[in-house]
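This report refers to the structure that appears directly beneath it.
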């Protein structure tokens with residue numbers, strides 16, 4: 087089976103812009119979680135989607151949003167980008183959530 | 006508040022030496038416990054997990070971890086470290102099934118040839 091894929095792998099944006107990141111889970115997996123990883127804050131949970139519904143949410147401002155499609159693919163969107171949003175954004179999928187998560191390689195976002 | 010701590014920010018060991026990475030958590034009940042490894046520029050790979058049962062868990066790449074309820078700890082061990090084990094190691098907990106996963110700050114491992 088193909089692993090979790092994330093696109094794009096690298097992205098450069100300027101402050102105030104918005105960005106959309108994409109995640110394709112492993113075939114058959116219905117849960118997709120998103121994480122932000124920075125040197126200062128480490129790995130922080132953003133949100134989890136299961137069957138097109140947001141099931142869990144971390145402590146991030148409303149500028150961070152996501153959605154999941156009927157094929158389980160997920161997107162996350164960050165509006166009005168700030169310098170502090172520069173990070174590695176990781177997506178993970180699992181069959182139903184709550185068990186082994188498989189991570190993608192991440193999207194590295196740089197905000198200038 | 007719920008938290009996961011990894012007391013050691015960075016550890017350096019010689020190749021062939023034993024390794025123990027510490028992880029402590031603060032949760033009311035026994036959560037689900039995980040160890041992940043991240044190589045530079047890569048995503049995370051699951052090494053092992055504990056849900057219930059035997060408190061000594063075997064994982065991939067020769068790693069094992071022991072859950073100690075009395076100490077709220079889930080320490081990762083390897084009897085003989087290889088140079089390829091140099092990476093960042095994350096302990097993670099999930100309070101209940103289908104809950105969000107909380108990661109510790111990570112321990113960076115360097116291996117001296």
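Chains as they are written, first to last, in the numbering used here: chain G, 87 to 198; chain D, 6 to 118.
We put the beta carbon where it would ideally sit given N, CA and C, even for glycine.
8 Å Cβ cut-off: residues of chain D touching residue 170 of chain G: What residue 170 of chain G touches in chain D: nothing, since even the nearest Cβ is about 18 Å away.
Is there at least one Cβ from chain D nearer than 8 Å to residue 134 of chain G's Cβ? Chain D, which has a Cβ nearer than 8 Å to the Cβ of residue 134 of chain G, makes this yes.
Residues near residue 146 of chain G by beta carbon distance below 6 Å, same chain, minus five either side: Closer than 6 Å at the Cβ level, and outside the excluded window around residue 146 of chain G, lie 132.
Minimum length 3: unbroken beta strand (DSSP E) runs contained in the stretch 132-180 of chain G: Within the stretch 132-180 of chain G, the complete beta strand (DSSP E) runs of at least 3 residues are 139-143, 150-154, 160-164 and 173-180.
Quick one: what does DSSP say residue 92 of chain G is sitting in, helix, strand or coil? Three-state result, residue 92 of chain G: strand.
State yes or no: is the beta carbon of residue 148 of chain G nearer than 8 Å to at least one beta carbon in chain D? Using a CB distance cut-off of 8 Å, residue 148 of chain G does not count as an interface residue toward chain D.
Does the stretch 37-44 of chain D come close enough to the stretch 56-70 of chain D to have 3 or more Cβ pairs within less than 8 Å? Yes, the stretch 37-44 of chain D is in contact with the stretch 56-70 of chain D.
Of all Cβ atoms in chain D, is any one closer than 8 Å to the Cβ of residue 122 of chain G? Answer no: the Cβ-Cβ gap between residue 122 of chain G and chain D never drops below 8 Å.
Closest by C-alpha distance to residue 111 of chain D, when choosing among D/29, D/84 and D/66: Nearest option by C-alpha distance: D/29.
Which word fits residue 96 of chain G, buried or exposed, when buried means at least 16 other C-beta atoms lie within 10 angstroms of its C-beta? Exposed.
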